[in-house]
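Step one of this worksheet: look at the structure below.
In UniProt numbering, the protein residues as written are 1 to 182.
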């Protein structure tokens with residue numbers, strides 16, 4: 001990662017490569033610890049956190065893909081040449097809250113905030129009355145933290161009613177653990 005200071009602001013950019021159940025990683029660019037964009041490694045395109053950010057800057061995803069390929073090769077070499085100990089799987093913290101105050105019958109958004117993720121491999125499922133919900137769901141990518149853990153957000157748009165109960169189920173890398181926050 002590289003960091004450049006501008007007055008009292010910090011821009012961070014770089015490639016993160018990790019090896020958990022399989023090789024994965026991300027290429028991100030942040031400003032004052034807020035993500036501006038990342039390179040989607042599967043789609044091979046730049047994904048702006050907010051669409052208006054692309055009006056102020058451009059980024060060729062090929063640069064991020066080249067950096068990722070180079071860092072992955074270095075990681076593979078280090079794994080072959082070293083006696084390494086696997087990192088400890090952390091237990092994520094899960095918090096669910098609404099975007100605005102709940103008013104029955106008024107559209108709102110539930111936010112599932114997952115903190116302390118490591119490795120950055122989790123499955124998030126929204127539940128309505130115990131049943132899986134897929135409509136109105138959106139997830140962010142993983143946000144790297146200074147302690148090398150990650151954060152992630154999942155959103156569910158819904159219309160509150162007295163008959164419904166909602167929950168966010170998180171299954172981290174260690175599959176023998178499920179976290180449910182309602």
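Cβ atoms here follow ideal geometry from the backbone N, Cα and C, with glycine treated the same way. All values reported here derive from a predicted model rather than from experimental measurement.
Note that the segment 143-152 touches the segment 113-126; at least 3 beta-carbon pairs, one per stretch, sit closer than 8 Å.
Of 34, 122, 82 and 41, the smallest CA-CA separation from residue 66 is found for 41. Residue 39 sits close to residue 64, with the two beta carbons spaced by under 8 Å. Residue 37 has 29 and 48 as its beta-bridge partners, per DSSP.
Excluding residues up to 5 positions away in sequence, 108, 110, 136 and 166 lie with their Cβ nearer than 7 Å to the Cβ of residue 158 in the same chain. Cβ-Cβ separation between residue 144 and residue 92: approximately 15 Å, too far for a contact (criterion under 8 Å). Pairing residue 37 with residue 30, the inter-Cα distance amounts to about 7 Å.
Note on residue 139: under 16 other CB atoms within 10 angstroms of its CB, so exposed under the neighbour-count rule. Boundaries of the alpha helix (DSSP H) around residue 81: 61-81. Just so you know, the alpha carbons of residue 88 and residue 119 end up roughly 8 Å apart.
Counting the other CB atoms within 10 Å of its CB gives residue 122 a total of 16 or more, which places it among the buried residues.
By the neighbour-count criterion, in which a residue is buried when 16 or more other Cβ atoms sit within 10 angstroms of its Cβ, residue 154 is buried. In this chain, the beta strand (DSSP E) harbouring residue 153 covers 150-158. Apart from the 5 residues on each side of it in sequence, residue 168 sits with its Cβ closer than 7 Å to the Cβ of 94, 96, 112, 124, 126, 154 and 181 in its chain, given in chain order.
Relative to the Cα of residue 132, the nearest Cα in the group 156, 58 and 141 belongs to 156.
Residue 161: not part of any beta strand (DSSP E); DSSP gives it neither H nor E.
Judged by DSSP secondary structure, residue 129 falls outside any beta strand (DSSP E); it is assigned neither H nor E. For residue 139, the pairing in a beta bridge is given by DSSP as 154.
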